[in-house]
Amino acid sequence: MDETSLESKEDILKRLRRIEGQVKGIHKMIQEEKNCADILTQVSAVRAAINKVGNLVLQKHSMTCIQNALSHEDKEKVLKELSKTMQNFMNFT
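Note that the working numbering numbers the sequence shown so that position 83 is 685, with each residue one more than the last.
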């Protein structure tokens, strides 16, 4: 794994730790019966953050799949798999 891959991995892990903290904060807000509008604002922030993580993972996956397609005999199969992965991700965002 090259240095930029490690940086991307560390960036993703850092983002996930931040999201984990946000989710714990939402949990606490609900336990303390905080204002629903404030809770929903935090939920929205978590959704945006997790979508960003998904985009980063998809970007890395896409690059790997394209590199594999260039060296793979069945390029069409590899690209179809990438397309399916992208469609599945887009259905959940």
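Glycine included, every Cβ here is placed at the ideal spot set by N, Cα and C.
query: Counting along the chain, where does the alpha helix (DSSP H) carrying residue 679 start and finish?
result: 677-694
task: With DSSP as the reference, label residue 636 as helix, strand or coil.
output: coil
message: Checking 8 Å against the spacing of the C-beta atoms, do residue 645 and residue 628 come in under that value?
response: yes
field: Supposed contact pair residue 648 and residue 633 - C-beta distance, whole angstroms, cut 8 Å
entry: Rounded, the Cβ-Cβ distance is 17 Å, inconsistent with contact.
- prompt: To the nearest angstrom, how far is it from the Cα of residue 642 to the Cα of residue 631?
  reply: 10 Å
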